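Visitor: If you're matching them up, the sequences are chains A and B in order. Under my numbering, the residues of the first sequence are numbered 1 to 60, in order. Under my numbering, the residues of the second sequence are numbered 1 to 594, in order. Before I ask anything, let me first share the structure, which is written out below as structure tokens.
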Amino acid sequence: MNDADIGIKPTGQPEMLELARIVTERKAKLDALTKVYKEKIKELAIKHIKNDLFNNRTNQ
Amino acid sequence: MRGGFKEVYLESDSRKAERIEVRKPLFPNSSGDEVSLASLEKTLSMMERAEGMMASNPRGAAMFRERGDFLREEIKKRRTEDGTGKETSQAESETGSELLPEAAREASVSGSVDLAKGIEDVGNSVVGAEKSIERAGVVAPGFKEEARFLEKDFLTQAGEIVADSDQKIESLVGRGKQEGVSEEQEAKSSLEALVPAPEEPDEKFLERANSIVSSIHKRHNPTEKRNGLALDKPVMAEKLPQFQETLYDTMAKLSSRQESLKKMTPTENVEVYKNIEEALTASRREVYGAGSDPLVNQEERDAIIKQFAHTNQSREFFPNNDSRVRKDAFPYAQSLFGVRSADSPEARAFLKKKIESKNIYLFGGGDSVVDLIADKEIRARSITNLDPFVSVERVEKGQNPGYQSVGERADGKDLLKTLKERMLPSADEIWASMSVPMYLERPEDISQLLDNIKELLAPGGTARIYPLEVGRGQDFEANKAAFLAKIKELQESEDYNVYLAKFADHLTLFIKRLQTGASKEGAAESDKQENTGDVIDAEIIEDVRGGNPKQVTDGAKQITEGQPDVVDAEIIEEEKPKPKQITKGKIAIPESTG
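Structural data, given as structure tokens:
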């Protein structure tokens, strides 16, 4: 993602560019983390479903 | 002006008109629009939700609370501006350098919005997964609880990411100013201003101090992980040499101060109660139980001893470089006192102040604190381990005359009576590390434990319990309710304070018996005496003199078995005759049972 993508055009001001970089980096990290935890929750649900099915089968 | 900075073409006046007309947000939402008021309000509600979920983690909760406060301010500001049309008139006078602080503010707001989006996404995943489980016709009672923990993990990590970026942004704005107080001066003055308030418990001060030290370190080393850095760690002085003196001075202040605690206010009590309730609710430990009192039979006791043998029973007192960062391995000094390194003389001086000449009880102490018992410099007056389930204790412990092991349950109904018969003093310190009430299974045992703590504590004494959990037993809710009822009782009493601190990965609970009335006036003098808690009546001692109380060792081999009871001998030797009366500060045993 470049500056234009987030609404900033180059101005030559290093602080503004650095700000844009910080925001971009933060967004990428949050997105990645969210993805990881969504996956973990999915896996947790699958684990519980499998356990229950296994227990039912064993009991039968 | 907030938000919607238009374009950042600022070099020439000829662009100004265009800049005003082209309303392009600096940090837009996913559709490229300015973050709307509605979106900010939604973000605020997500922050409030996150704060609620982090109630058992005060630091995490504070992080979301601060973010919420910031958003409330932003929403208020925006509503005012929308009504005044202030935005346009300000825009005309903006230059690049003037934009930076506002841009930074906008960047912080957008961080909260992004964070809220993540929280919402993860929350929706949980709801979706629950629906899937329901559709599959499956019974998954533990899912919700485990998912909640995942959500909390997410909140912690996501919050850290946004906090990191906020710090970078702050630092950037600071650089842009090129004036005012330097970071170094600012950090140093915040450390110098770090003086414990007169009524602030040492532990709360340490918790606050460690948080400030960590944030200063982070400001100076933004890319480095904090990794448990704290005021008392010599490594901090190495990392921040410019603050070396201040760091040690602050720790030294703590060592030399005398706490002057007053009864906590009802508002403070409500907050603590709420946090305790949240922490208990969130605890989900699947623990081995300690059975009930009395145990049914010897087989049951043997089974429990065998179970506990699989747990870590040999935690040390002092932190060292080898201390594993495992939930059940936090050294006592860290989890109960907030000291993460005892390498500096200042940290040792603080621990010495807390321990020297005190009568200490370990509740379910297992085979722990051997290093403290062997320490030549920091000497407690006595250390008594109440643990009916310890399978073996290291021989070094028995070599210390101040140590003894008593095979009694901390939640035993007759505990106080037994201690009285054994001529043991009331407690200046009670330490429960990974033991009770975590392993207790029944509400009545939990209630009894807290009654025992209340009665056993000497004025000025402190009980430290880590982690703040109750056993699940058959009815977790009943256990929780029993614990909370006793906490309320303590809070309503004029003689006790209850407070929390976070020094390890869970909360530590402190129950402090206050110095009251005449005993308070005499506190300073009493502190100079070598023993503040030894209040056994001379006459009671006389009654049992000559009898060497038996070690209770049912089912457990205890190394101290058969050794002379040196603590008792010392008490007898030193105790001068006193009038017979049971007053506050003695082991208060109801007349009917005494």
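Every residue gets a Cβ at the ideal spot worked out from N, C-alpha and C, and that includes glycine. The structure displayed is predicted, hence computed values, not measured ones.
Can you find the residues in the same chain that come closer than 6 Å, C-beta to C-beta, to B:Glu74, ignoring five residues on each side of it along the sequence?
Guide: Excluding residues within five positions, the ones whose Cβ falls inside 6 Å are Val109.
Visitor: Strictly under 9 Å for the Cβ-Cβ distance: is A:Asn2 near chain B by that measure?
Guide: Its pLDDT being 47, under 50, A:Asn2 is placed unreliably in this model, and the coordinates cannot settle the point.
Visitor: From what residue to what residue does the beta strand (DSSP E) around B:Pro467 run?
Guide: Note, B:Pro467: premise wrong, no beta strand (DSSP E); not H, not E.
Visitor: Cβ closer than 7 Å: which chain A residues qualify as neighbours of B:Glu146?
Guide: Simply Leu44.
Visitor: When you compare the CB of B:Ala282 with every CB in chain A, is at least one pair closer than 9 Å?
Guide: No, no contact with chain A.
Visitor: Considering Cα atoms alone, identify which of B:Gln258, B:Tyr332, B:Asp166 and B:Ser215 is closest to B:Asp202.
Guide: Nearest C-alpha to B:Asp202: B:Gln258.
Visitor: Cα separation between A:Thr34 and B:Ile119?
Guide: Answer to the nearest angstrom: the Cα atoms are 8 Å apart.
Visitor: Given that B:Phe143 touches chain A, what residues does it touch there, using C-beta distances under 8 Å?
Guide: Per Cβ cutoff of 8 Å: Leu44, Ala45 and His48.
Visitor: Counting only Cβ pairs nearer than 8 Å, list the residues of chain A close to B:Ser165.
Guide: Within chain A, the residues near B:Ser165 are Ile22, Val23, Glu25 and Arg26.
Visitor: Is B:Glu87 close to chain A, meaning its C-beta is less than 9 Å from at least one C-beta of that chain?
Guide: In this prediction, B:Glu87 has a pLDDT of 42, which is less than 50 and means its spatial position is unreliable; what the coordinates show is noted afterwards. No, because no Cβ of chain A sits closer than 9 Å to the Cβ of B:Glu87.
Visitor: Taking CB distances under 9 Å as the criterion, tell me whether B:Ala523 reaches chain A.
Guide: Model confidence at B:Ala523 stands at a pLDDT of 38, short of 50, so the residue's coordinates are unreliable and nothing is read from them.
Visitor: Please report how far the alpha carbon of B:Val470 lies from the alpha carbon of B:Glu207, in whole angstroms.
Guide: Whole-angstrom Cα-Cα distance: 24 Å.
Visitor: Using beta carbons (cut-off 9 Å, strictly below), is B:Gln474 in contact with chain C?
Guide: Absent from the structure is chain C; the protein chains it does hold are A and B.
Visitor: If you run the structure through DSSP and keep just helix, strand and coil, what is B:Asp428?
Guide: Note: B:Asp428 maps to strand in three-state DSSP.
Visitor: Figure out for me which residue from B:Leu336, B:Val370 and B:Lys274 has the closest Cα to the Cα of B:Lys204.
Guide: It is B:Leu336 whose Cα lies nearest to the Cα of B:Lys204.
Visitor: Using the beta-carbon count (16 or more within 10 Å), is B:Val139 buried or exposed?
Guide: So B:Val139 counts as exposed.
Visitor: For the segment 438-468 of chain B, which residues have a CB atom closer than 9 Å to at least one CB atom of chain A, in sequence order?
Guide: Those residues of the segment 438-468 of chain B that come within reach of chain A (Cβ to Cβ, closer than 9 Å) do not exist; the list is empty.
Visitor: Near B:Lys86, which residues of its chain fall below 6 Å by C-beta distance, leaving aside the five closest residues on each side in sequence?
Guide: Because the pLDDT at B:Lys86 is just 43, under 50, the model does not fix this residue reliably, and the value given afterwards should be weighed accordingly. Same-chain partners within the cutoff: there are none.
Visitor: So which residues of chain A does B:Gly111 contact, with C-beta pairs closer than 8 Å?
Guide: In chain order: Val23 and Arg26.
Visitor: Would you tell me roughly how many angstroms separate the C-alpha atoms of B:Asp475 and B:Pro437, rounded to the nearest one?
Guide: Straight-line Cα distance between these residues: approximately 14 Å.
Visitor: For a test of the three-state rule: what should DSSP assign to B:Val369, helix, strand or coil?
Guide: Correct three-state label for B:Val369: coil.
Visitor: Excluding five sequence neighbours on each side, which residues of the same chain lie with their C-beta closer than 8 Å to the C-beta of B:Ser211?
Guide: Contacts found: Arg59.
Visitor: Following the continuous alpha helix (DSSP H) through B:Thr250, name the residue where it begins and the one where it ends.
Guide: Here the alpha helix (DSSP H) through B:Thr250 covers Gln244 to Ser256.
Visitor: Is the Cβ-Cβ distance between B:Leu37 and B:Arg78 less than 9 Å?
Guide: Going by C-beta atoms, B:Leu37 is nearer than 9 Å to B:Arg78.
Visitor: Which residues does DSSP pair with B:Thr508 in a beta bridge?
Guide: According to DSSP, B:Thr508 bridges with B:Ala501.
Visitor: Check whether the segment 155-175 of chain B and the segment 416-427 of chain B are in contact - that is, three or more C-beta pairs closer than 8 Å.
Guide: Verdict: no, contact absent.
Visitor: Name the chain A residues that come within less than 8 Å of B:Ile169, Cβ to Cβ?
Guide: Correct list: Leu19 and Ile22.
Visitor: Could you work out which residues of chain A lie near B:Phe154, taking near to mean beta carbons separated by less than 8 Å?
Guide: Residues of chain A passing the Cβ test: Leu33, Thr34 and Tyr37.
Visitor: Using C-beta distances below 7 Å, list every residue in its chain close to B:Thr43, excluding the 5 sequence neighbours before and after it, in chain order.
Guide: The residues are Leu71, Ser112, Val113 and Ala116.
Visitor: Are the C-beta atoms of B:Gly364 and some chain A residue less than 9 Å apart?
Guide: With 9 Å as the cut-off, B:Gly364 does not count as an interface residue toward chain A.
Visitor: If you run the structure through DSSP and keep just helix, strand and coil, what is B:Gly112?
Guide: A small fix is needed here, since residue 112 of chain B is Ser in this sequence, not Gly. In the structure shown, B:Ser112 sits in a helix (DSSP, three-state: H, G or I).
Visitor: Determine, using beta carbons only, whether B:Leu150 comes closer than 9 Å to chain A.
Guide: For B:Leu150, the answer is yes, since a Cβ of chain A falls inside 9 Å of its Cβ.
Visitor: Here's a check: name, in chain order, each residue in its chain whose Cβ is nearer than 7 Å to the Cβ of B:Val272, leaving out the five neighbours to either side.
Guide: Val498, Tyr499 and Leu500, listed in sequence order.
Visitor: What is the rounded straight-line gap between the Cα of B:Leu362 and the Cα of B:Pro388?
Guide: Each residue's alpha carbon lies about 12 Å from the other.
Visitor: Where does A:Leu30 sit, in a helix, a strand or coil, going by DSSP?
Guide: Helix, per DSSP.
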